[in-house]
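A.B. asks: Before anything else, here's the structure in question.
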Amino acid sequence: MAFSEFRRLDEKSLADYIKSVPSLSSKLFGNGSLDDELTIKEVGDGNLNFVYIVLSSRGGSAVIKQALPYIRSIGESWPITKERAYFESTALKEHRRWSPNHAPEVYHFDRTMSLIGMRYLEPPHIVLRKGLIAGLEYPLLAEHISDYMAKTLFHTSLLYHSTLEHKRAVAEFCGNAELCRHTLQVVFSDPFKVSQYNHWTSPYLDQDAEAIRNDNALKLEVAELKSKFSERAQALIHADLHTGSVMVTQESTQVIDHEFAFYGPMGFDIGAFLGNLILAYFSQEGHANDQNDRKKYKEWILRTIEDTWNFFHKKFIALWDEHKDGSGEAYLPAIYNNAELRHLAQQKFIQELFHDTLGFGAAKMIRRIVGVAHVEDFESISDASKRAYCERRALGLAKVLLKERRKFQAISQVVSAIQQSAKESNMLRRVNSGRSWVLPVIEGAARSGWAVGLKVWLFLGAAVRWGNGSIWQ
1195 MAFSEFRRLD
1205 EKSLADYIKS
1215 VPSLSSKLFG
1225 NGSLDDELTI
1235 KEVGDGNLNF
1245 VYIVLSSRGG
1255 SAVIKQALPY
1265 IRSIGESWPI
1275 TKERAYFEST
1285 ALKEHRRWSP
1295 NHAPEVYHFD
1305 RTMSLIGMRY
1315 LEPPHIVLRK
1325 GLIAGLEYPL
1335 LAEHISDYMA
1345 KTLFHTSLLY
1355 HSTLEHKRAV
1365 AEFCGNAELC
1375 RHTLQVVFSD
1385 PFKVSQYNHW
1395 TSPYLDQDAE
1405 AIRNDNALKL
1415 EVAELKSKFS
1425 ERAQALIHAD
1435 LHTGSVMVTQ
1445 ESTQVIDHEF
1455 AFYGPMGFDI
1465 GAFLGNLILA
1475 YFSQEGHAND
1485 QNDRKKYKEW
1495 ILRTIEDTWN
1505 FFHKKFIALW
1515 DEHKDGSGEA
1525 YLPAIYNNAE
1535 LRHLAQQKFI
1545 QELFHDTLGF
1555 GAAKMIRRIV
1565 GVAHVEDFES
1575 ISDASKRAYC
1585 ERRALGLAKV
1595 LLKERRKFQA
1605 ISQVVSAIQQ
1615 SAKESNMLRR
1625 VNSGRSWVLP
1635 VIEGAARSGW
1645 AVGLKVWLFL
1655 GAAVRWGNGS
1665 IWQ
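Quick note, the numbering used here runs 1194 ahead of the 1-based positions in the sequence shown.
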């Protein structure tokens, strides 16, 4: 069954389509009859696409993903190119080339139908975000995701590519400009102005959202990150690497949903993943109960944050050293011709990448709280006041990380900042209506350094009282 133009498939038409495509029918039916039963279930819970799990009575399986010409979670009022399926398929294949253990196999791609057939990640694989909400530990997560990021980012950069290879690849992915524009809008623009699709936990975070829109220092830093996101074609990045784009078991980590992929700054991928882990950390109090206060689990999240960066750093530098005499043209051996100079170049590169990671991660955190698409980590907290309390702490830290990112020199300092921001967790509550003077005090202190800013924030939460009760309630 070949289509000359796009049409959206449903369960029945998808079954007919699969039977007509050898690369899919062979995976599902093997050498059996095409009349064998197929079970098809639509499971897409994201913002963009329809996703079907297809199982055959013979034990075959596949996932079929079809892109629509609009954002599914909003509707036809927000059109978006279905060509993103081409870039998703291409990026997934390229990332699997370099990290075959952590990217699922692509069986089939149909550009006309904007359809991808790929490996079904069978149970007990679940979306990482859901595991974090449930309080499940994944002992190999940091090892696996750091391996994926180090290999995909290094091998698609000028550290490995020749200039011609790199420019050709950059040119190919320039076609994904509409998805890049979408990211620019929802991450770097909408949260910092009045926008139709912005929302937050109102009325509790009304003043917090307004403070974001009125924060000139924050806007200047975001402008710098926006420019870097748009202009720096550093590596083939996933560009949407949050905890909803990773599926896990105790032994397996698989990265999915590459439709936003393009050649951009490496720190955007690393920051997206770490930023979402930080959001998961701050959400834990909303999921705690009398049987499990989640304190031990929060410690595991912090270890995972620290290990992910440290493992990535080590693996990335090891790849650089391994290929120092290869075809990569970023640091030519004839120029960087001794170990001391190469080490200095690596230090400078990693320091900038670390600060990019913090900035991009913080921007992603902010947009998930006051922008268009929120995260289940917070949204699944039914008590709105408790949800807002968790979100406010994450928002406060994100602002410090973004504005003060260059003052952090190690991931251990970031973990310390997260821990400091949580010390007074039982006292911090939503800002009482009309008491917005607290936020400028905090942010003014933050300009003196991240540690000072956080200490003042915590002091106010613990010490200030107003009228009949705490200003944080």
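Positions of the beta carbon are idealized from the N, C-alpha and C atoms, including for glycine.
(1) Are the beta-carbon atoms of residue 1612 and residue 1491 separated by less than 8 Å?
(2) Tell me which residues share the same chain as residue 1287 and place their Cβ nearer than 6 Å to its Cβ, disregarding the 5 neighbours each side in the sequence.
(3) With distances taken between CB atoms, is the gap from residue 1495 to residue 1591 smaller than 8 Å?
(4) Taking the alpha-carbon positions, what's the residue 1502 to residue 1337 distance?
(5) Am I right that residue 1218 and residue 1250 are in contact with their C-beta atoms under 8 Å? What's the rounded C-beta distance?
(6) Which partner residues of residue 1235 appear in the DSSP bridge assignment?
(7) Given a cut-off of 8 Å on the beta-carbon distance, is the pair residue 1450 and residue 1318 in contact?
(8) Decide yes or no for the touch test of the segment 1445-1462 against the segment 1271-1285: beta carbon pairs closer than 8 Å, at least 3 of them.
(9) If the criterion is Cβ atoms closer than 8 Å, does the pair residue 1555 and residue 1417 meet it?
(10) For residue 1202, verify whether its CB is less than 7 Å away from any heavy atom of the ligand NAP.
(11) Judging by CA-CA distance, which residue of 1614, 1365, 1588 and 1537 is the nearest neighbour of residue 1511?
(12) Are residue 1267 and residue 1241 closer than 8 Å when you measure CB to CB?
(13) Taking C-beta to C-beta, are residue 1514 and residue 1541 nearer than 8 Å?
(14) Going by DSSP, which residues form a beta bridge with residue 1302?
(15) Less than 6 Å between C-beta atoms, sequence neighbours within five positions excluded: which residues of the same chain meet that for residue 1411?
(16) Would residue 1346 pass as a contact of residue 1578 if the rule is Cβ separation under 8 Å?
(17) Give me the residue from 1212, 1304 and 1365 with the minimum Cα distance to residue 1229.
(18) Can you check whether the C-beta of residue 1510 is within less than 8 Å of a C-beta belonging to chain D?
(19) With burial defined as no fewer than 16 other Cβ atoms inside 10 Å of the residue's Cβ, what is the status of residue 1615: buried or exposed?
(20) For residue 1258, I'd like the list of residues in its chain whose CB is within less than 7 Å of its CB, leaving aside the five on either flank, ordered along the chain.
(21) When DSSP labels each residue in this structure, what does residue 1258 get in the three-state scheme?
(22) Would you call residue 1581 buried or exposed, if buried means 16 or more other Cβ atoms sit within 10 Å of its Cβ?
(23) Answer yes or no: do residue 1468 and residue 1551 have a C-beta to C-beta separation smaller than 8 Å?
(24) Counting pairs of beta carbons, one from the segment 1520-1532 and one from the segment 1431-1439, are three or more of them closer than 8 Å?
(25) What does DSSP give as the partner residues of residue 1441 in its beta bridges?
(26) With distances taken Cα to Cα, identify the nearest neighbour of residue 1256 among 1289, 1303 and 1273.
(27) Are residue 1564 and residue 1392 close, meaning C-beta to C-beta below 8 Å?
(28) Identify which residue in 1341, 1498 and 1379 has its Cα closest to the Cα of residue 1333.
(29) Would the beta-carbon of residue 1350 fall within 8 Å of that of residue 1435?
(30) Taking the alpha-carbon of residue 1401 as reference, which of 1200, 1586 and 1215 has the nearest alpha-carbon?
(31) Can you check which of these residues, 1445, 1457 and 1518, is closest to residue 1422 by C-alpha distance?
(32) Using alpha carbons as the reference points, say which of 1414, 1504, 1348 and 1444 lies closest to residue 1428.
(33) Mind reading off the beta-carbon distance from residue 1522 to residue 1358? Whole number of angstroms is fine, and I expect it under 8 Å.
(34) Counting C-beta neighbours from all protein chains within 10 Å, is the total for residue 1205 16 or more, i.e. buried, or is it exposed?
(35) Expressed to the nearest angstrom, what Euclidean distance is found between the alpha-carbon atoms of residue 1632 and residue 1397?
(36) Which whole-angstrom value is the C-beta distance of residue 1374 and residue 1480, which I expect to be below 8 Å?
C.D. replies: Reading from the atomic positions:
(1) Position 418 of the sequence shown, counting from 1, holds the residue named residue 1612. Position 297 of the sequence shown, counting from 1, holds the residue named residue 1491. Their beta carbons are not under 8 Å apart, which means residue 1612 does not touch residue 1491 by this criterion.
(2) Looking up residue 1287 in the sequence shown gives position 93. Same-chain partners within the cutoff: 1300.
(3) Here residue 1495 refers to the residue found at position 301 when the sequence shown is read from its first residue. Here residue 1591 refers to the residue found at position 397 when the sequence shown is read from its first residue. No, the Cβ-Cβ distance between residue 1495 and residue 1591 is not below 8 Å.
(4) The residue given as residue 1502 occupies position 308 in the sequence shown. The residue given as residue 1337 occupies position 143 in the sequence shown. Cα-Cα distance, rounded: 7 Å.
(5) As a first step, residue 1218 must be located in the sequence shown, where it is residue number 24. As a first step, residue 1250 must be located in the sequence shown, where it is residue number 56. No, residue 1218 and residue 1250 are not in contact; Cβ-Cβ is about 11 Å, not under 8 Å.
(6) As a first step, residue 1235 is located in the sequence shown; it is residue number 41 there, counting from the start. DSSP output for residue 1235 lists 1247 as bridge partner(s).
(7) Position 256 of the sequence shown, counted from the start, is the residue given in the question as residue 1450. Position 124 of the sequence shown, counted from the start, is the residue given in the question as residue 1318. No, Cβ-Cβ distance for residue 1450 and residue 1318 is not below 8 Å.
(8) yes
(9) Residue 1555 sits at position 361 when you count from the first residue of the sequence shown. Residue 1417 sits at position 223 when you count from the first residue of the sequence shown. Not a contact, by the Cβ cut-off of 8 Å.
(10) Absence of the ligand NAP is noted for the structure shown, with no ligands found whatsoever.
(11) Looking up residue 1511 in the sequence shown gives position 317. The option with the nearest alpha carbon to residue 1511 is 1537.
(12) Residue numbering aside, residue 1267 sits at position 73 when the sequence shown is read from its first letter. Residue numbering aside, residue 1241 sits at position 47 when the sequence shown is read from its first letter. Yes, the pair counts as a contact, with Cβ atoms nearer than the cut-off.
(13) In the sequence shown, counting from the first residue as 1, residue 1514 sits at position 320. In the sequence shown, counting from the first residue as 1, residue 1541 sits at position 347. Contact: no.
(14) Here residue 1302 corresponds to residue number 108 of the sequence shown, with the count starting at 1. DSSP output for residue 1302 lists 1311 as bridge partner(s).
(15) Translated into the one-based positions of the sequence shown, residue 1411 becomes position 217. Within the same chain, residue 1411 has close Cβ partners 1597.
(16) Looking up residue 1346 in the sequence shown gives position 152. Looking up residue 1578 in the sequence shown gives position 384. Contact: no.
(17) In the sequence shown, residue 1229 corresponds to position 35, counting from 1. It is 1212 whose Cα lies nearest to the Cα of residue 1229.
(18) Absence of chain D from the displayed structure is noted, only one protein chain being present.
(19) Counting from one through the sequence shown, the residue named residue 1615 turns up at place 421. Buried, because 16 or more other Cβ atoms sit within 10 Å of the Cβ of residue 1615.
(20) By 1-based counting over the sequence shown, the position of residue 1258 is 64. Cβ within range, chain order: 1208, 1246, 1248, 1309 and 1311.
(21) On the sequence shown, position 64 is the one that residue 1258 refers to. Residue state for residue 1258 is assigned as strand, using DSSP reduced to three classes.
(22) Within the sequence shown, the letter at position 387 stands for residue 1581. With 16 or more Cβ atoms within 10 Å of its Cβ, residue 1581 is classed as buried.
(23) As a position in the sequence shown, residue 1468 is number 274, starting the count at 1. As a position in the sequence shown, residue 1551 is number 357, starting the count at 1. Yes, Cβ-Cβ distance for residue 1468 and residue 1551 is below 8 Å.
(24) no
(25) Translated into the one-based positions of the sequence shown, residue 1441 becomes position 247. In the DSSP output, where bridge partners are listed per residue, residue 1441 has 1321 and 1448.
(26) Mapped onto the sequence shown, residue 1256 falls at position 62. Of the candidates 1289, 1303 and 1273, 1303 places its Cα closest to the Cα of residue 1256.
(27) Residue numbering aside, residue 1564 sits at position 370 when the sequence shown is read from its first letter. Residue numbering aside, residue 1392 sits at position 198 when the sequence shown is read from its first letter. In contact: residue 1564 and residue 1392 (Cβ atoms closer than 8 Å).
(28) As a first step, residue 1333 must be located in the sequence shown, where it is residue number 139. Checked all of 1341, 1498 and 1379; the closest Cα to residue 1333 is 1498.
(29) Numbered from its first residue, the sequence shown carries residue 1350 at position 156. Numbered from its first residue, the sequence shown carries residue 1435 at position 241. No, they are not a contact pair.
(30) Along the sequence shown, read from residue 1 onward, the residue named residue 1401 stands at position 207. Closest by alpha carbon: 1586.
(31) Along the sequence shown, one-based indexing puts residue 1422 at 228. The candidate whose alpha carbon is nearest that of residue 1422 is 1457.
(32) Locating residue 1428 in the sequence shown gives position 234, counting from the first residue. Looking from the CA of residue 1428, the closest CA among 1414, 1504, 1348 and 1444 belongs to 1348.
(33) For this step, residue 1522 is matched to residue 328 along the sequence shown. For this step, residue 1358 is matched to residue 164 along the sequence shown. Their Cβ separation, rounded to whole angstroms, is 12 Å, which puts residue 1522 and residue 1358 out of contact at 8 Å.
(34) Translated into positions along the sequence shown, residue 1205 becomes position 11. Classification for residue 1205: exposed.
(35) Working through the sequence shown from its first residue, we reach residue 1632 at position 438. Working through the sequence shown from its first residue, we reach residue 1397 at position 203. Its pLDDT being 48, under 50, residue 1632 is placed unreliably by the model, and the measurement read from it follows with that caveat. Whole-angstrom Cα-Cα distance: 17 Å.
(36) Working through the sequence shown from its first residue, we reach residue 1374 at position 180. Working through the sequence shown from its first residue, we reach residue 1480 at position 286. Contact doesn't hold; Cβ gap of about 33 Å is too wide.
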